[in-house]
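Read the structure below first, then the notes.
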Amino acid sequence: MSSKIFGLIALTAIIEQTKAPKNFLYNLLVGEEKPEKVQELEVHTKEAGRKRAPLVGRRQQGVFIEKDSFAVQTVKPAWIKLQAVNEAEAIFEQQFGKTRYADPQGVGKQMLADTIKDFKDIAFRTRQWMLIETLKTGVCPMESGVEGVKYGDINTEVLTGNDLFSNPNCNPIDYLEKKQTEIQKQTGVVIDTVIFSPDVAGAFLKNEKVKEYLNTRHANYVRVNDSKAETDDGRKEIAYLPTLGITIFSFVDWYEDMETGNEEQVVPAKTCIGVKAKSFAFKYAAMSIRTEQGKPAQLLVKKEAIRKWYPDYSEDEELQYFSRPLCMPREDVKSWFIATVL
730 MSSKIFGLIA LTAIIEQTKA PKNFLYNLLV GEEKPEKVQE LEVHTKEAGR
780 KRAPLVGRRQ QGVFIEKDSF AVQTVKPAWI KLQAVNEAEA IFEQQFGKTR
830 YADPQGVGKQ MLADTIKDFK DIAFRTRQWM LIETLKTGVC PMESGVEGVK
880 YGDINTEVLT GNDLFSNPNC NPIDYLEKKQ TEIQKQTGVV IDTVIFSPDV
930 AGAFLKNEKV KEYLNTRHAN YVRVNDSKAE TDDGRKEIAY LPTLGITIFS
980 FVDWYEDMET GNEEQVVPAK TCIGVKAKSF AFKYAAMSIR TEQGKPAQLL
1030 VKKEAIRKWY PDYSEDEELQ YFSRPLCMPR EDVKSWFIAT VL
């Protein structure tokens, strides 16, 4: 029984049915997740409408070292490899009267579900970190952050003086319209989403020019059809700008930087991000994996897979998780902007 329950095909089917954690930013920005049939992924990127080859090189303390990098046409994504002792297997195999559990199969299934959920959570947090770093720097980290793929130089800006959102002379609506027009002219992409850190959201809504805009256009702070203004994924919809077709969110959440181990705010204080929804993709390289010990490796075209295994370093049977994701822009690397506005 156990071999059927815990075979690689069955395990992979189970993990594909297990939902990943909810995260507003990931769901907003990722428009495609696709497993590929090759172990090295072709990478195409644009910067300001021009095709360019991405760079692969070292990262140090979150900074891409460009002088040591080199241009590539294909990228070999790093592995996410996780393992846990397969305690559920032993419980499944216990016979009635020889276990402290009244329902060993039920307990075993729950333990399996918990292990798979842990795998999904860790893998999701890793992809989330890859997405955030790509968004904030134009570089997708690999190998726990010591390497990266640079797609190009993103649009960044630091406002000062009268341009600050907190300044009474500033018109944030005009600023967002200017950025939307600049990016459309440069890349052909129209920004439809703006994300504020909470402090920026407060300054935006207190701005008299913003109040006048929202009142004269009957643009409610929260649209009538949005029944839940504040959600459990850290976001709050604060405005819709009908003349620009832009929805504005305030978002607060934290993530662990896989390179430094530090906890960072996803949208740093004083920050405004303008982007088109679904502008990023995750491609998954094929994985050459032995489905069973003693058998030759097979090429799996999957986003993720699990197998049971007896490693050389342990007497315990393990459940092992594998995935090879790479985050990349679907649009031009100049099709979004990040600005410090306070």
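With positions in the sequence shown counted from 1, the corresponding number in our numbering is that position plus 729.
Virtual Cβ for every residue (Gly too), placed ideally from N, Cα, C.
- By the 16-neighbour rule on beta-carbons within 10 angstroms, residue 1063 is buried.
- Relative to residue 880, the option among 911, 793 and 943 whose CA is nearest is 793.
- Per the Cβ contact rule, the segment 1033-1049 is not in contact with the segment 787-801 (fewer than 3 Cβ pairs under 8 Å).
- If you draw a straight line from the Cα of residue 962 to the Cα of residue 1032, it is about 24 Å long.
- Taking 8 Å as the cut-off, the beta carbon of residue 1011 is found closer than this to the beta carbon of residue 762.
- Annotation for residue 888: 1068, 1069 and 1070 place their beta carbon closer than 7 Å to its own, counting only its chain and skipping 5 residues before and after.
- Counting only residues of its own chain and dropping the five nearest sequence neighbours on each side, residue 780 has a CB closer than 8 Å to the CB of 773 and 774.
- Given a length threshold of 4 residues, each whole run of the alpha helix (DSSP H) inside the segment 843-928 is given here in chain order: 901-916.
- When secondary structure is reduced to three states using DSSP, residue 763 falls in the strand class.
- Within the DSSP secondary-structure output, residue 1050 pairs in a beta bridge with 811 and 1035.
- A Cβ-Cβ distance of about 5 Å is found for the pair residue 977 and residue 967, placing them in contact under the 8 Å criterion.
- The C-beta distance from residue 922 to residue 1005 rounds to 7 Å, short enough to fall under 8 Å.
- Its Cα nearest to that of residue 876, the residue 862 stands out among 882, 1017 and 862.
- By the Cβ-count criterion, residue 1040 is exposed, with fewer than 16 other Cβ atoms from all chains shown falling within 10 Å of its own Cβ.
- Secondary structure at residue 1057: strand, using DSSP grouped into helix, strand and coil.
- Residue environment analysis places residue 1022 among the exposed positions, since fewer than 16 neighbouring C-beta atoms fall within 10 angstroms of its C-beta.
- Annotation: residue 941 is outside any beta strand (DSSP E); the continuous alpha helix (DSSP H) that includes it extends over 937-945.
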